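Visitor:
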Amino acid sequence: MVGSVRNVKKLPDVVELAQDLVRFSTVLGENERTVLEYLAGPLEDAGFACSFDAYDEHSPQRASLIARLRPEDDVPSLYLGGHIDTVPFGNAAWRYDPLGGVVEDGRLYGRGACDMKGGVAALVRAALDFALESRENGRKRDLVLHIYGGEEGGCFGSRRAAQRPELFGKPGAGIVAEPSSLMPLSGHKGALWLTLRTTGRTAHASMPDKGDNALLSMLRAAARLANFHPDAPHNLLGDATAALTSLHSGLNSNSIPDKAELTLDMRTVPGAAHADLVRRVAETAGPDVRIEVVYDAPAVWTDPDLPWSVRVRELTCAITGDAPAVRCANFFTDAASVRAVFPDLPLCILGPGDPALAHATDEFCPVEQIRAARRIYAALITDWYAERG
Ligand SMILES: [Zn+2]
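For any residue, its number in this note's numbering is found by taking its place in the sequence shown, counting from 1, and adding 1102.
The following block contains the structure:
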């Protein structure tokens, strides 16, 4: 479909598009492919080459959308990223239907309104604007838009896409549209999740010396790890942390447990070598403990003094009226998957919605922020390509 452009229907209003996205349930990845096909329609009409990256062979609905405006172009492109899946509604009653897409008092309510269907709608609309403008002025630059599935629970879609770096083309900088109240964020911590296991020999609990207690071995290891300190703090991201988060062992009261499992969640700062951390955890835990790396995502950090970073703050604040400031996120995002393959790519996290409302009951996104996000992304895209012909 590259290069050919179908008749373009009236472009969707960005808030109506966000409402439509909220009305598709994408809780934990359901309907992912259906809603991504819905987005691919107007993108293809505007000239984007769209493909779907299936990331779970057991579930054909689970996919990411890869849209490229000019894949053959080799001038560094701007990469735009978001995700379409949401967390469940939770147990508390909602005042607004979580799938209603209702706008009231200037707020779009619903699961995913903030995290991050408002941001996805703004990205898609800004990408459509750029495609149509490129057609009018004969510009032949690539613009790379990835909408991932499976972000909640472990960035599955973006991790799969990152295994095929060619899907990103030649990015020169990237924006991930997670909610940031429209403040450009320079990065976030990395995550390293480990599962530690000990094994022993079961025996009747009345004769503990006949067995080998895997729980006791694990408790000794856990005590040694209680004060494990991953790294020196980062000046903006703060402390690297390590937390023991779950312990499972034993089947009943009167048997010596023959296995135990402990999970360790570490949040790391830029520059932390995760392989070294795993080695240090292994040394601290001791020789009886086996370690499995369950999730490994590097910290994301982009020098806030880079000319592009400064420009992003200027252009954004010109629209929002905020004072430019260097800030970072305290959650992690798909940007970590991108960072894993493009270690030096300037990345910025910037999207509509208050991150504190992500995953909350009666989640909402101010519609003015969705409209402003579209204008900000459009300004950043235009600015990026202005220098590149
Ligand atoms: Zn999110």
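Idealized CB from N, CA, C, for every residue including glycine.
Small disclaimer: the values here were computed from a predicted structure and weren't measured.
Can you give me the C-alpha to C-alpha distance between V1380 and D1217, rounded to a whole angstrom?
Guide: Their Cα atoms are separated by approximately 31 Å.
Visitor: Per DSSP, which one or two residues make a beta bridge with M1368?
Guide: Paired residues: L1294, A1344.
Visitor: Which runs of the beta strand (DSSP E), 3 residues or longer, sit entirely within the segment 1399 to 1475?
Guide: Listed in chain order, they are 1449 to 1451, 1466 to 1468.
Visitor: I'd like to know whether the C-beta atoms of L1339 and R1429 end up nearer to each other than 8 Å.
Guide: No; because the gap between Cβ atoms is not below 8 Å, this pair is not in contact.
Visitor: Hey, which unbroken runs of the beta strand (DSSP E) at 3 residues or more fall wholly within the segment 1242 to 1312?
Guide: 1245 to 1250, 1273 to 1278, 1292 to 1301, all fully within the segment 1242 to 1312.
Visitor: Run through the DSSP bridge pairs and tell me what I1393 is partnered with.
Guide: In DSSP, I1393 forms a bridge with L1298.
Visitor: From the DSSP output, in three-state form, read off S1161 for me.
Guide: It is coil, neither helix nor strand.
Visitor: Helix, strand or coil: how does DSSP classify R1322 here?
Guide: The answer is helix: DSSP assigns R1322 an H, G or I state.
Visitor: Out of A1215, Y1181, V1116, point me to the one whose CA is closest to T1188's CA.
Guide: With distances taken between Cα atoms, T1188 lies closest to A1215.
Visitor: Would you decide whether G1259 is buried or exposed? Buried here means 16 or more other CB atoms lie within 10 Å of its CB.
Guide: Flag for G1259 reads buried.
Visitor: Tell me the DSSP secondary structure of K1219 in three-state form.
Guide: The answer is helix: DSSP assigns K1219 an H, G or I state.
Visitor: Give the straight-line distance between the Cα atoms of P1144 and Q1163, rounded to the nearest whole angstrom.
Guide: Approximately 20 Å, taken between the alpha carbons.
Visitor: Please go through the same chain and pick out, in chain order, the residues whose beta-carbon is closer than 6 Å to the beta-carbon of A1480, but skip the five residues on each side of it.
Guide: Contacts found: A1228, D1231.
Visitor: Taking 8 Å as the cut-off, does the segment 1279 to 1293 touch the segment 1191 to 1198 (at least 3 CB pairs, one atom from each stretch)?
Guide: Output reads no: the segment 1279 to 1293 does not touch the segment 1191 to 1198.
Visitor: Leaving out the 5 sequence neighbours to the left and right, which residues in its chain are closer than 6 Å to D1314 when beta-carbon positions are compared?
Guide: Once the five neighbours on either side are set aside, the close Cβ partners of D1314 are G1302, R1303.
Visitor: Figure out for me which residue from D1456, G1423, N1354 has the closest Cα to the Cα of A1431.
Guide: Of the candidates D1456, G1423, N1354, the one whose C-alpha sits nearest the C-alpha of A1431 is D1456.
Visitor: Pick from D1407, L1298, T1370, K1219: whose alpha carbon is nearest that of V1129?
Guide: The shortest Cα separation from V1129 among D1407, L1298, T1370, K1219 belongs to K1219.
Visitor: Would a C-beta distance cut-off of 8 Å place P1359 and A1316 closer than the cut-off?
Guide: Contact: yes.
Visitor: Go ahead and label L1167 buried or exposed: buried means 16 or more other beta carbons lie within 10 angstroms of its beta carbon, across all protein chains shown.
Guide: Result: buried.
Visitor: Are three or more beta carbon pairs between the segment 1363 to 1373 and the segment 1342 to 1352 nearer than 8 Å?
Guide: Verdict: yes, contact present.
Visitor: Assuming the contact rule is C-beta atoms closer than 8 Å, V1116 and R1415 should be a hit. Round their C-beta distance to whole Å, please.
Guide: Incorrect: roughly 23 Å between the Cβ atoms, too far for contact.
Visitor: Restricting to Cα atoms, I'd like to know which of V1391, D1378, D1464 is closest to L1318.
Guide: Comparing Cα-Cα distances from L1318 to each of V1391, D1378, D1464, the minimum goes to V1391.
Visitor: Taking 7 Å as the cut-off, is the CB of A1460 close to at least one heavy atom of ligand 1?
Guide: Because some heavy atom of ligand 1 lies under 7 Å away, the Cβ of A1460 counts as near it: yes.
Visitor: How about the segment 1290 to 1309 and the segment 1415 to 1425: do they share at least three Cβ pairs that are nearer than 8 Å?
Guide: The segment 1290 to 1309, when compared against the segment 1415 to 1425, does not touch it at the 8 Å Cβ threshold.
Visitor: Who are the Cβ neighbours of A1387 in its own chain at under 8 Å, not counting the five residues just before and after it?
Guide: Closer than 8 Å at Cβ, skipping near neighbours: L1298, A1323, R1326, L1327, I1393.
Visitor: If you count every other CB in all the chains shown that lies within 10 Å of the CB of T1136, and 16 or more means buried, which is it?
Guide: It counts as exposed.
Visitor: Does DSSP put D1231 in a helix, a strand or coil?
Guide: Correct three-state label for D1231: helix.
Visitor: Nearest to H1306 by CA position, among Y1140, G1276, N1354, is which residue?
Guide: Among Y1140, G1276, N1354, the Cα nearest to that of H1306 is on N1354.
Visitor: Check each candidate in V1469, S1439, L1247 and name the one with the smallest Cα separation from Q1265.
Guide: It is S1439.
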